[in-house]
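**Student:** My questions will all concern the structure given below.
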Amino acid sequence: MWRTSIMNMRAEKGSFRESFKHYERRESTKVLGPNRHFELVFKKGQWRIVYEDGDEVTLMYAKHERLPMKDFAAEVRASMDVDQFLNQAVLLLDVQDTSVEGIIDKMLHKVLDSRESLITISEAKEAIFTEDSGYLKRLVEQGICPFVEEDDWKDVGRTVHLLSRTIQGTYVSEGGGFDYDQSWLCAMCNLASLQKRHVAIARLKHPANMGRTLHEVRFFILVLTPSKEKGTKNALETGRTFATIFADMDFRQRLLEVHSEAEFKNVLLKHAQDLAAEQSNPSKRLGTHDGDLDFDEARCRLAQGLWDDIRRRSSLYFSDFVDGFVGHKTIHKTISTIFFLYFACILPTIAFGALNDNNTHGQIDVRKSIIGQTLGGLVFALCGGQPLVIVMTTAPLSLYTKVIFNICQDFQLNFHAMYACVGLWNTFFLIIFSIFDVSRIMKWSTRSTEEIFSLFISIAFIVDAGRDMYKNFNHNYFSHACMDEGNTPSVEFPLWITNSSINETQGEVSLTQPCKRENSLLFLLLMCGTVWLAVSLYNFNKTPYLQASKREILADYALPVAVISMSFLGSFVFRDVATDQFRYSDNYPLTRAPVEELPWTASIAALGMGFALSLLFFMDQNISAAMVNNPCNKLKKGPAYHLDLFVVGVVNGFLSLYGLPWMHGVLPHSPLHVRSLADVEERVEQGHVYEIIVKVRETRITGIVSHILIGLSIFLLPYPMAYIPTAVLDGLFLYMAITSLNGNQMFERITLLFMEQAAYPPNHYIRRCPQRKIHIFTMCQVFQLAIMCFFGFSPWSYVKMVFPVIIFLLLPFRHKVVPCLVDGKYLEALDGEHQ
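Taking this note's numbering as reference, the numbering of the sequence shown is continuous, increasing by one, and the terminal residue is 1899.
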């Protein structure tokens, strides 16, 4: 926290003209520019520069001082201050005023009218505001500047008030920058004729803009004390008590949710008691707690990290269920997150199931994908260390499955047996990694590595959607029938660009097929409509429409509303136009794979493929978990990297034996799961609005219930699930890609390349790094991303097998190559720890 005495150089603007001729003394007028005149005016021992349009320049002195928080455990006066406030509460809830003058007027009237009759409102305001701040207004009141029109008077009174003494919270922003907490303010003053101390707290109905560092004020604390009060009870000490309480973001959020003064007092008293209990804890005073203890401490004992994860998370297991129901708006958040996860998981599962169906000639289909997602998701939600991580099959895993199928076709091997053998070797290596605490090396995974991988996943979603659209237009809009109708030459497209799920024989278009350009236009309409509607509703909180609670509901249910609406539009409103639908069959029952039938040479080959696959699992799982455990998310129960990896390994061993798709932690579902369960607070910095997470409901309920619903969806096949067009699935992919870009600093820095420098956001790396170094670091990331895209989207299946190794090589590249191009002090700002 900072105590501030605001006295800086400023310009006071009044809208009156030619009204300064009554000042006692003035110097000759100077001219700046063609129409800019000013004169020096001496009044009450002070020189001032006064312009003809009413601007006045004075010098003011500003002093910032770090203020230690009050120790509620050691300082008796802190708890006494709270008790006195509760007994003599001056509390204003849902104040409509948004100006600092109006708010203080209401608070002073409530304090002074009934309790301090000897003090006038004007006297109190003289002490609260700077001595010079009301100077121009007082000149008008005294008749020195009588030529002020009525409309101009409002501008004078509105522009001159500055608070003299304030306390405001500060925090370290991303990369170590300094920033103000703009949601609350404590103002203080001393009054000679005051009889005793008074504290008033106002909760504003709407956020108020009170100045340069106070753009979103929701709470205003006013402290009035007698001038001769003893040191432990003076304005500063009393203000420090309440500032310490209001510095907690989670506490302020709870105060916004109460509806009565009694609730307000109870929450305040409870928080003061919690502060005293927490500050009396010796471990807190020693500062030994480290949430990342697993990564930072070296141990020699076998499976020590895994055992620590089990021990820590087992003590919180019951709360993982309770936290899904207890708390303000928790049930609403839980229900909306369940529906979000259901649609966010079931639709990609169907899409990847259809892809695997084509890649494996039906041996892994949509039905098996749903069964696998249900079993894997349920087990991980029940037994995983970090239940906010979402496990799913992914595009790289589908490509790896295709490579295994092609190898089996080439060497006449049983696909199910080979698939199971590779999966079991993968399980073996994952369990080894978890037992030997190999996840510790992820401490070398920095923010840039996570952002590169996250951006690659976004590109993969966009590429998948683009391929499906290309295939549809190539098959319908640019078909031979359509080309012949217009007497235009046929357009040939390379087959390797089309979706990998399409056989080459399907690339040939029959000359007798009718022209169906409307199919492609509807595909484009549904895909773009899905992403537009989902993103618009997702950002609906930022609009002024409806009430805040209704905006939040629409934002929480953005994805379900978009999918259902566009599916209805495509399948019923435009039912005369054919839409692409996924293929469904249940010809392959669930049976155990005959692993024993594989020759030993195939088992050796499976070992190598299983090790490469384990690297992909290791990196994907840990990066997804790291982005969930990001300190910005303010999770309180701690990570469990080793336990998560162990559970994923065991789950995939079972899935492999029964020919079900593999799965691990995924992006962007996992971070979006956290965001869906979070309460957020808006901050404004130099005109740029951004959101921070206040708290997250860390619960297993959402993952468990959503996967039960996914399991029940097996009874909805083929209908009504088939009513969801492929275009809507692709719109979902685009939505996931777009929303995952929020907060990705690599993407933000890429946009800087196309942005005017004056429009650069005032974030930490812009302030701390030369522009050239920022762009060099961004180009390094783009280069790594390009390498990943080359191997990940390569048309050659065997090249894609190197992809897991490429992901792993991101770590040494960041720590060995990048420091040669960008200095360490700049890397600390560009690629420091998450804030």
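Cβ coordinates follow ideal geometry from the N, Cα and C atoms, glycine included.
List, from N- to C-terminal side, the beta strand (DSSP E) runs of 3 residues or more that fit wholly inside the segment 1111-1149.
**Tutor:** DSSP runs (the beta strand (DSSP E)) wholly in the segment 1111-1149: 1119-1122 and 1127-1130.
**Student:** Put residue 1456 into one of helix, strand or coil per three-state DSSP.
**Tutor:** Here residue 1456 sits in strand by DSSP.
**Student:** For residue 1275 and residue 1404, what's the separation of their Cα atoms in angstroms?
**Tutor:** Residue 1275 and residue 1404: Cα-Cα distance of roughly 39 Å.
**Student:** What three-state label does DSSP hand residue 1232 in the structure shown?
**Tutor:** Three-state result, residue 1232: strand.
**Student:** Would you mind working out which of 1546, 1781, 1690 and 1407 sits nearest residue 1429, comparing C-alpha positions?
**Tutor:** Considering only alpha carbons, the answer is 1781.
**Student:** Answer yes or no: do residue 1266 and residue 1192 have a C-beta to C-beta separation smaller than 7 Å?
**Tutor:** No, they are not a contact pair.
**Student:** So, do the segment 1816-1831 and the segment 1490-1500 have three or more beta carbon pairs nearer to each other than 8 Å?
**Tutor:** No, because fewer than three Cβ pairs between the segment 1816-1831 and the segment 1490-1500 fall closer than 8 Å, the two stretches do not touch.
**Student:** Specify the secondary structure class of residue 1860 as computed by DSSP and reduced to three states.
**Tutor:** Here residue 1860 sits in coil by DSSP.
**Student:** Consult DSSP for residue 1726 and reduce its assignment to one of helix, strand or coil.
**Tutor:** Correct three-state label for residue 1726: coil.
**Student:** Report buried or exposed for residue 1324, applying the criterion of at least 16 other Cβ atoms within 10 angstroms of its Cβ.
**Tutor:** Burial call: exposed.
**Student:** How is residue 1924 classed by DSSP in three states: helix, strand or coil?
**Tutor:** For the chain, the structure presents residues 1065 to 1899; residue 1924 sits outside this window and is missing.
**Student:** What is the DSSP secondary structure of residue 1608, reduced to helix, strand or coil?
**Tutor:** Coil, per DSSP.
**Student:** Using DSSP bridges, identify the partner residues of residue 1474.
**Tutor:** Per DSSP, none; premise fails for residue 1474.
**Student:** Give me the Cα-Cα distance between residue 1235 and residue 1311, rounded to the nearest whole angstrom.
**Tutor:** Answer to the nearest angstrom: the Cα atoms are 10 Å apart.
**Student:** For residue 1638, which residues of its own chain have a beta-carbon under 6 Å away from its beta-carbon, when the five flanking residues on both sides are left out?
**Tutor:** For residue 1638, where only same-chain residues beyond five positions count, the Cβ hits under 6 Å are 1586.
**Student:** With a Cβ-Cβ cutoff of 7 Å, do residue 1146 and residue 1336 count as a contact?
**Tutor:** Closer than 7 Å, so yes.
**Student:** At the level of alpha carbons, what is the spacing between residue 1531 and residue 1620?
**Tutor:** Answer to the nearest angstrom: the Cα atoms are 29 Å apart.
**Student:** Tell me whether the beta-carbon of residue 1728 lies closer than 7 Å to the beta-carbon of residue 1443.
**Tutor:** No. Outside cutoff.
**Student:** Under a three-way DSSP split, which group does residue 1392 fall into?
**Tutor:** Residue state, collapsed to three classes: coil.
**Student:** So, is residue 1506 buried or exposed, given that buried needs 16 or more other C-beta atoms within 10 angstroms?
**Tutor:** Residue 1506 should be labelled buried.
**Student:** Provide the residue span of the alpha helix (DSSP H) that contains residue 1628, from first to last.
**Tutor:** Residues 1622-1632.
**Student:** Are three or more beta carbon pairs between the segment 1729-1740 and the segment 1689-1704 nearer than 8 Å?
**Tutor:** With a cut-off of 8 Å, the segment 1689-1704 and the segment 1729-1740 count as touching, because enough Cβ pairs lie within range.
**Student:** Pick from 1813, 1679, 1759 and 1624: whose alpha carbon is nearest that of residue 1316?
**Tutor:** Closest by alpha carbon: 1759.
**Student:** Do residue 1633 and residue 1792 have their beta-carbon atoms positioned less than 7 Å apart in this structure?
**Tutor:** Contact: no.
**Student:** Would you give the residue range spanned by the beta strand (DSSP E) that residue 1282 belongs to?
**Tutor:** Looking at the DSSP string, the run of the beta strand (DSSP E) that includes residue 1282 is 1281-1290.
**Student:** Using the beta-carbon count (16 or more within 10 Å), is residue 1151 buried or exposed?
**Tutor:** With fewer than 16 Cβ atoms within 10 Å of its Cβ, residue 1151 is classed as exposed.
**Student:** Give the DSSP-derived three-state secondary structure of residue 1087 in the structure shown.
**Tutor:** With a pLDDT of only 42 at residue 1087, under 50, the local geometry of the prediction cannot be trusted, and the value read off the model is given with reservation. The answer is coil: DSSP assigns residue 1087 none of H, G, I, E or B.
**Student:** Report, in whole angstroms, the separation of the C-beta atoms of residue 1761 and residue 1397, which I expect to be a contact under 8 Å.
**Tutor:** With a Cβ gap of about 6 Å, residue 1761 and residue 1397 count as contacting.
**Student:** Starting from residue 1251, follow the beta strand (DSSP E) in both directions and report where the run begins and ends.
**Tutor:** Taken as a continuous stretch (DSSP letters only), the beta strand (DSSP E) holding residue 1251 covers 1248-1255.
**Student:** Please check the pair residue 1288 and residue 1258, which I expect to be a contact at CB under 8 Å, by giving their CB distance rounded to whole angstroms.
**Tutor:** Sure, about 6 Å apart at Cβ, within 8 Å.
**Student:** Compare the beta carbon distance of residue 1434 and residue 1772 with 7 Å and say whether it is the shorter of the two.
**Tutor:** Cβ distance not < 7 Å, so residue 1434 and residue 1772 don't count as in contact.
**Student:** Report the CB separation of residue 1457 from residue 1248 in whole angstroms; it is logged as a contact under 8 Å.
**Tutor:** The Cβ separation is near 46 Å, so there is no contact.
**Student:** Give me the residue from 1408, 1286 and 1714 with the minimum Cα distance to residue 1623.
**Tutor:** Nearest option by C-alpha distance: 1408.
**Student:** To the nearest angstrom, how far is the alpha carbon of residue 1418 from that of residue 1724?
**Tutor:** Answer to the nearest angstrom: the Cα atoms are 13 Å apart.
**Student:** Would you mind reading off the limits of the alpha helix (DSSP H) that contains residue 1868?
**Tutor:** Per DSSP, residue 1868 belongs to the alpha helix (DSSP H) from 1867-1876.
**Student:** Three-state secondary structure (DSSP) at residue 1198?
**Tutor:** With a pLDDT of 48 at residue 1198, under the threshold of 50, the predicted position of this residue should be treated as unreliable, and no value is reported.
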